[in-house]
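By the working numbering, the letter at position 69 of the sequence shown is numbered 103, and the numbering carries on one by one without gaps. In this text, a Cβ means the ideal position worked out from N, Cα and C, and glycines have one as well. In this text the structure is predicted, and so the values were computed from the model without any measurement. Accompanying notes for the structure given below.
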Amino acid sequence: MKTLTLLRHAKSGWDDPVARDFDRPLNAKGKRAAAMVGRHMRSLGLAFDHAIASPAVRVSETLEQIESGYGRTIAPDLDRRVYLASAATLLDLVHGFPAEAESALLVGHNPGLEDLVLMLVADGADPLRDAVEDKYPTASIAELQFEGEWSDVAAGTARLTRFIRPRDLDPTLGPDAD
Numbered sequence: 035m036k037t038l039t040l041l042r043h044a045k046s047g048w049d050d051p052v053a054r055d056f057d058r059p060l061n062a063k064g065k066r067a068a069a070m071v072g073r074h075m076r077s078l079g080l081a082f083d084h085a086i087a088s089p090a091v092r093v094s095e096t097l098e099q100i101e102s103g104y105g106r107t108i109a110p111d112l113d114r115r116v117y118l119a120s121a122a123t124l125l126d127l128v129h130g131f132p133a134e135a136e137s138a139l140l141v142g143h144n145p146g147l148e149d150l151v152l153m154l155v156a157d158g159a160d161p162l163r164d165a166v167e168d169k170y171p172t173a174s175i176a177e178l179q180f181e182g183e184w185s186d187v188a189a190g191t192a193r194l195t196r197f198i199r200p201r202d203l204d205p206t207l208g209p210d211a212d
């Protein structure tokens, strides 16, 4: 059985005066959320044989904070195709994962990650899928399991086994009150 963990980058700073979206850094809340998610990953004993990530600044900073809480280095392959990728592009990347990898981590952006979960997990009476469909917040993790090889992953073939949002770990990391 293959396990694919999808991690959305943590909350970034829209008020930072960077010229390009690609260069947007995390804000303080995003750093806190990512470190907490990393600690939770450690408590669950999550481990990855393969990791791939967007090279965007906010993804790199998310991984730094995740690693600080997780207690180990993830060292993903950085792939520009992950940056703002569609679900179809992300699925193509998954199809190319090494056959020997049993557990992979993909770190990127929405809406691609959310759309990928909704594509791979059949619609039905699944409260985890419903939660993803409602909103896939920043610094959230979705864990999917598949039978077969990475090249076999297709629409409706996954089981969503975990969906962890920062606010599930610390309510102060939930949506800002407006």
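Which one of P51, R92, L152 and A156 has the shortest CA to CA distance from A44? R92
Is R20 near L194, with beta carbons less than 9 Å apart? The question about residue 20 has no answer here: the residues shown for the chain are numbered 35 through 212.
Report yes or no: do the region 75 to 89 and the region 131 to 138 share at least 3 C-beta pairs separated by less than 8 Å? yes
Contacting residues, own chain, Cβ-Cβ under 7 Å from R258 (five flanking each side not counted): Absent from the structure is residue 258, since the part of the chain shown begins at 35 and ends at 212.
On the DSSP bridge assignment, give the partners of H74 in chain order. DSSP output for H74 lists no bridge partner at all.
Simplified DSSP state of R196, which is helix, strand or coil: In the three-state DSSP reduction, R196 falls in the strand class (E or B).
On the criterion of 16 or more Cβ atoms from any shown chain inside 10 Å, does T107 qualify as buried, or is it exposed? exposed
Span separating the alpha-carbon of T191 from that of E177: 13 Å
Other residues of its chain near L139: CB distance less than 6 Å, five sequence neighbours each side excluded: Cβ within range, chain order: T39, F82 and A85.
In the structure shown, what three-state DSSP assignment does D111 receive? strand
In three-state terms, what does DSSP make of A165? Helix.
Here's the rule: buried if 16 or more other CB atoms are within 10 angstroms of the residue's CB, otherwise exposed. What is E148? buried
Could you say if the region 147 to 167 and the region 180 to 191 meet the contact criterion of at least three C-beta pairs nearer than 8 Å? yes
Taking the alpha carbon of L125 as the point to measure from, which residue in K63, V151 and R54 has its own alpha carbon closest? V151
Sort out for me which residues DSSP pairs G142 with in a bridge. The beta-bridge partner set that DSSP reports for G142 consists of R42.
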